[in-house]
Each structure stands twice: as C-alpha cells, then as structure tokens.
Amino acid sequence: MEENLKMIPINFAIMLPSIVLAIYVIPNIIGVVYLAPFIILSILPLVRKIIPEPFGRNFYPLVAVVVLLLILLNLVLAANLVATNWFFNLLIIPLNIETAITLTMALSVASVLEGIFSSSLARSIGFQTFSLLPLLDQVFVLYLMQQYSYTYLQAYYEAYSQQIISLIALVVTGSTNIFGQKFPPPLSEYSFPIDPLMLAALIISLIAIMAYFVIIKENKLKGEVLGGIASALVLGGVLGMIVFYLVQITTGYGYELFVAAVALVATLIYAARSSPERKARKNSAHRAKNDL
Amino acid sequence: MIKKSGYGILAAVSASVLESIIFGYDYYIIFSLILFFILVSDIIIFNNGAASDLFKVDVERKMADNYGRKYQGKTVEVIFKNPTKRVITFHYYDTLSDIFHASGDFDGDLVLAPGEVRRLTYEISAYAIGKYQIGPLILYIQDPMKLCITRAVVPKVDEVKIGPAYSDIHTQRSERLSNFLFTMGIHYSRKSGQGYDFYGIRQYVESDDFRYIAWNKYGMIDGEDLYIKQMEEERQIDVYFFIDYSAGMNQGHGDRRMYDSVISSVLNASYSIAKNRDGVGFQVISSDIDEFIPAQKSQEPIKKLEKLVAELRPSGEFHIEKIFDIVKKRIKKNAVVFIVTPFSYPEAFARLNARNIHTGKPTYMFVLDSYDFAEKRDDPVYKKLLMSAGIKERRYLKTVTGFFNGIGVKAVISRDKDLLARFLAEYRYARMQNLGS
C-alpha cells in the first residue's frame, strides 16, 4: 500500500509528457469529438479504481464487450438487418471519423490515468508510450491546421496519409524518399507553443524513471538492482545519443528511418541472443550432438 | 529470457522511436531513443552479468534418508556454493508437491559472496502417503526493470517415500479399547459335532452324528430323550482387500485424499483382522499397477502393504470386470473379498452378469462417495453447485450398488468416516457366518 502511494507521484512524473500533450491537444479537439462518450471512456480508470477488487479485474473486458456490441448493433442497423425502434435509436453511434477520433483520444486519456495509477515501472512506461502516440498524431494534425488552414478533418486525413506514405516509403525504398519525392518530417520544421514545457516534461520523465529505482524498494536485493540500473542508464544514454546523431546525419539523405530501424532491430536481436538460457540450450545441444 | 510484457514494452518504445522520427520532433526522438537504449541496455547488462552468473552456482540437496511417515517432519539441507569471483544475487525455491507442509528456507533470496558456501535447511511433513518428488530446485533472477527473467534449473530430483502415520493406524496398538469394539469375542466359530471345546447341548435330531450324543443326559426329561453335545473350535478365515489404485482415487485436496483415507481404513481393518488371528491379503490394482500380497495369518502382509503404498501413487484406470477375473485366478482358497473403489471410470455393466462375477467367494463391494473429498468453500454458489454434483454422484452410485446387489454381490456406498466401520461390520458378519473359512 505504502509502495503504491509512493508510485503515484513517480508515475505522474513519468506520464508528464503525455499529460502536457493532452492538456495542449484536448481543448483543440473538443469541437470534433462526441463529448459525453469521450468523458465517460476517459474516466474509466477512475471508475475501475472505486469498484471492489473481484469485479475490477473484469472491468475492461466488460467495457470492451459493451463497446463491441454497440458497434455490432450499429453495423446491423446500418445494413437494415433488423428494424430500428426507439431503444435502438438511443444506442446508435454514428460510424464516422469523429467516433474514431473520440475512441482514440479517450483511449489516450484513459492510458494516461492508468499510467498514473499503475503498480509497476514497466506498465507506466508502456502506458506512457501508448498514450503519447495518438497525442503526437494530434499535434501533427494541429500543425497542419495552422500551417495550411485546413479544417480539423482535412488535417486529420492529411496527417494519417503522410504517416502511411512514410511507412510505405520506409518498407519499400528504405528511406522517406519515393521517386525523388521527399516526405520531410513535419514537426521538424514546426515549433509548437508548448515546446519548452514538453522538453522539461520529457527530462522529468527520464529522471522519474531513474528515481524509481532509488525510491521504490521492490525487494531485498536493492543494492544489486541499483548497480545494474546505473550501468544501464549510462550505456543507454550513450547509445541513444550516438544513434540520435546518426539519425540527424542521415536525415539530409532521407535515410533516417532506415538507420533508426536498423539500429533498433540490431540491438533487439543482440539483446534476445544474449540470453544465458539460450546459450545453455545451445551448449547442451552441442554436447548431445558430440555424444552421439 | 525476455518476458512477454518486456517484448510489449520494447515494441511500444520502438514504435514511438519510429513515429517520433516520422514526425521529426527532436526532443521526443532523443527521449524515445534514450528510453529504448536504457531498456535494451538493462537487458543486455543483466544477461551478460547477473543472469549468466546464475548458471554457475553449485547447488546440492541432502536428506538423511528417503523414507518417512505421514505428518513426520523431515529435514532437507540445501547447499549453495558461489564458485565465481563476483557476488551473485538471486531468488530460489525448491519444487515441492502440495502434499507437503514446508517450513524454513525452502524459498528465499540469497546474496553469495565470491567463494561463499551457504547451508540452508527446511523441514517438510507430508499430508498423504505415497512416493513424491522433491525438486527440481529453481534459481531465478529478474532484471531491475523486470523486463526479463532468467531461471536456472538444478535438475537433481530426490524421491521421498511416505508411509502411513502411526496415528492413522491406531488399531495396530493393542492398548486402545476402541480396537476391540468390533472384533472382541468373535474368534470362535460354533459348529456342532466338531471342535474341541464344549459349547452346550441340544436335543438330538436324526441327522446328527451319534458319536456326540451326551449319554449322561439321556432321559433327562421324559426318560427317552436324547441330547447331543455341541462343540466349538477356532476357525480362521482369509480376507482379501482389492483396492482400486487408479487415478480416480486421486481425489481430494490438502490432508483429505481419497487414496490416503482408504489405505488408512484398510490398514486399520487389517490390523484388527490380524489380531483376530485371521489371514489378510491385498491386491492393489489399476491398469498401471498390479501388486498382489498373499494372505497370511500374521501382520507381515500388512507391513508389506504399508511399504508398498509408500512407493506408489494412484495412476491408470480401473475396471471391475478385470477384478473378478483376478479373484478367480489368484485366490485359490476360500476367502472373503472386499473390493474398494469409487467407480470413477465408465463400466460396461451390460456385459456383466451373475456368471461373469461369480467367483465362488463371498464378495463385498465398498463404493466410495467422493463428496467428502471435494473442497469445501464458504461461497454459497459453490456450495450449491457442490451439493448438486454430490446428489448426482450419489444417484449414480446408488444405481451401481443396486446393480451389484441385484446380481449377488453385496455393495454399499461408503463415505470417508464410515469405511472402517463398514469393513469391520462385514468382516464380523462373515466371521459369524463362517464365510471364507
């Protein structure tokens, strides 16, 4: 219980980038989303907190089932498979882009709240990443609105089209160049108003991740844990900066995504292959082969 | 080994790196790259350091012997040695069956200095009879961020044979009054005209052997009446217990297990029978197990059974048809046969008839009701479900016993508490009727 109380301020600091972005984005999308479902879905983590434990565990699956049933009902009604009546009319959700935005944004805000109440560091980081991605999409949308005087929906389509094209370009050509046509990273040329705040939030978030290991005593082996994490922070910081500079250098050639992807995949493969269990299995297989 | 949650987080952070680059938002690119490499560095440093060292720890488990009795404490010593030149920190636990109550250092955290040898002990006491494994011992360690876990398995497994507790076989002891309740005074089988001990007299009938006429009582009432001396002698019978030891007997939980309870009742009944100078033998049977202990008029077969059940665990299937064949083949002399089974497997009753099951020996069947061995909980829904299942099971068992009673095998439904009483009641009846002699 005491550990959980200590976790809340740390989680809050870890989730700070998402919180800052949410505060920046939400006022701009209020006119686009359906407000009632947005608020209801956003506060689901708080509702789950006040539900007694045996039922709390099944809360999200139940919510997912209800949402999916509503979508199914709407599909059935849209296809005229059943006759509509006053009760069904109450449950109708328009299957349009606004609904999709409402769901995405509500999921993002709910993830922020879940991250704050999360019981482990890994979950907090997971929720932070999960909530940041749609919020960054929205920042991009806001940038397009301001840059090209698009309406929200026009900007939304444009933002996702560009992202999809960039991804296709990466997969097909290995860079963000397609037939000489460049798709420059949009936010690199644009400074949005909360930039300094965002920088501070990201630094605080990193510091909070480090502080977690100092403040939270998860087990009796704390000394060993601190030793391991200090090395990981130093090595991670150095490797992160090296790759960042490589990305910066290759940006001019349009190969930044390719370089980053190669760096990530190579590191991931090395991490997976460094498992001592894998080595032990390999050694025993080798011994068995020699015995035969 | 990276955990599923670890892969999930790495995937999420990788996605955020790629997305941040697509957006070109420098602050977030730096943040997500540093975060990604911190996570991966944590895994790499962990795998090449603490996790690799874990496989170098020498572990040995020692026990004084591998035999014990139920509820009897047994000390297990575990010796850890760090042969490396680095401090090794890990968690460990020894794998134990749920029939053991364990206390002491069977699990915990350890920090071993270079070259250090640590001896830890824990005590186990078993709730049930049988042969059980101790081990493998697992050492494990998690990285600081709990993204991966490494387990080193010490494959050495020790076996412990658990025999029945002395408290469970109370009839073995002679000083308890309750031991005599069922058997005292039924050593003798009365039979007129045979034996050595005088029992009494009765009026002579034509079929009586005239050699036993009590001539000194001739004409006692009307001058012409004849009387015959009734003699009695001690007769011994053999009782065979056919014990279903299929996996169907492996019902129950904690200290209430069907096979354990049945063996306790069989042993208690056997000691009572042996004390009554009758022979007792056993057949422990299933599709995997076939152990026959011939009847002897001593405690020797019972000791053999105690030893046998300490080395067995219920397994395989049980079918009643096979039992009748074994009775016919293996028991040459007349004997009383007690069959104990919960009837956990489907039987082809349509194939069974009086001819199939006719063994020529008095046979009693004790059909076990599993209700007593089901886990009881306070949850009202669970209680209702259990009650409903229990009633259904009882109905099935009633049908089974009805069938056997109909074809000449006395069958009764027995519960945990009354099995011993039923054994001894049937034994007493058989004894009085001279069955099995």
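Protein chains in written order, with my numbering: chain A, 26 to 317; chain B, 11 to 447.
For each residue, glycine too, the CB sits at the ideal point set by N, CA and C.
Values in this document were obtained by computation on a predicted structure and should not be read as measured data.
The secondary-structure analysis by DSSP pairs His-111 (chain B) across a beta bridge with B:Ser-135.
Bounds of the alpha helix (DSSP H) holding Lys-338 (chain B) are 330-340.
One Cα belongs to Thr-131 (chain B), the other to Glu-70 (chain B), and the distance between them is close to 12 Å. Below the 7 Å Cβ cutoff, chain B contributes no neighbours of Leu-66 (chain A), its closest Cβ being approximately 21 Å away.
In this structure, Leu-157 (chain A) and Pro-42 (chain A) form a Cβ contact; the two beta carbons are roughly 6 Å apart against a cut-off of 8 Å. Chain A has no Cβ within less than 8 Å of the Cβ of Ala-74 (chain B). Rounded to whole angstroms, the Cβ separation of Val-88 (chain B) and Leu-147 (chain B) is 7 Å, and the two are in contact under 8 Å. Among the CB atoms of chain B, one or more fall inside 8 Å of the CB of Tyr-295 (chain A). By the Cβ-count criterion, Gln-182 (chain B) is buried, with 16 or more other Cβ atoms from all chains shown falling within 10 Å of its own Cβ. Contact with chain A is absent for Ile-148 (chain B), since none of that chain's Cβ atoms lies less than 8 Å from the residue's Cβ.
Of A:Val-166, A:Ile-190, A:Arg-312, the smallest CA-CA separation from Gln-179 (chain A) is found for A:Val-166.
Here Ile-44 (chain A) has Val-137 as same chain residues with Cβ atoms under 7 Å from its own Cβ, once five neighbours each way along the sequence are excluded.
For the segment 47-97 of chain B, the continuous beta strand (DSSP E) assignments of 3+ residues that do not extend past its boundaries occur at 68-73, 77-79, 84-91, in sequence order. Between Ser-145 (chain A) and chain B, the shortest Cβ-Cβ separation is below 8 Å. Contact between the segment 56-64 of chain B and the segment 264-271 of chain A is not established, with fewer than three Cβ pairs separated by less than 8 Å. With a threshold of 16 other beta carbon atoms within 10 Å, Phe-220 (chain B) falls short and is exposed. If you look at Val-163 (chain B), you'll find it isn't in any alpha helix (DSSP H); it sits in the beta strand (DSSP E) that goes 159-164.
In this structure, Ala-257 (chain A) sits near Ile-55 (chain B), with a CB-CB distance shorter than 8 Å. Counting along the chain, the unbroken beta strand (DSSP E) around Tyr-142 (chain B) starts and ends at 140-152.
Within the same chain, no Cβ atom closer than 7 Å to the Cβ of Leu-93 (chain A) is found once the five residues on either side in sequence are excluded. It is roughly 48 Å from the alpha-carbon of Lys-313 (chain B) to the alpha-carbon of Gly-125 (chain B). At a cut-off of 8 Å between beta carbons, Gly-18 (chain B) contacts chain A. Boundaries of the beta strand (DSSP E) harbouring Ala-421 (chain B): 420-424, taken from the DSSP string. Under the three-state reduction of DSSP output, Pro-390 (chain B) falls in the helix class. Within the model, the alpha-carbon separation for Thr-373 (chain B) versus Lys-427 (chain B) is close to 22 Å. The C-alpha of Ala-131 (chain A) is placed about 10 Å away from the C-alpha of Leu-60 (chain A). Within the model, the alpha-carbon separation for Ala-257 (chain B) versus Val-272 (chain B) is close to 14 Å.
Minimum Cα-Cα distance from Val-67 (chain B) among the listed residues B:Ile-53, B:Val-97, B:Val-319, B:Asp-75 corresponds to B:Val-97.
In terms of Cα proximity to Ala-291 (chain A), the closest of B:Asp-153, B:Ser-51, B:Phe-383 is B:Ser-51.
Residues of chain B whose Cβ lies closer than 9 Å to the Cβ of Gly-279 (chain A) do not exist; the shortest such Cβ separation is about 11 Å. Using a Cβ distance threshold of 8 Å, Ile-53 (chain B) and Leu-157 (chain B) count as a contacting pair.
Between Asp-248 (chain B) and Ala-345 (chain B), the gap from beta carbon to beta carbon is short of 8 Å. Separation of the CB atoms of Met-230 (chain B) and Tyr-209 (chain B) is rounded to 18 Å, and the pair is thereby denied contact status at 8 Å. Met-266 (chain A) has its alpha-carbon roughly 34 Å from the corresponding atom of Asn-53 (chain A). Contact annotation, Leu-161 (chain A) with Tyr-38 (chain B): C-beta distance approximately 7 Å; criterion of less than 8 Å satisfied. Using a Cβ-Cβ cut-off of 8 Å, Ser-191 (chain A) counts as an interface residue toward chain B, since at least one Cβ of chain B sits closer than that to its own.
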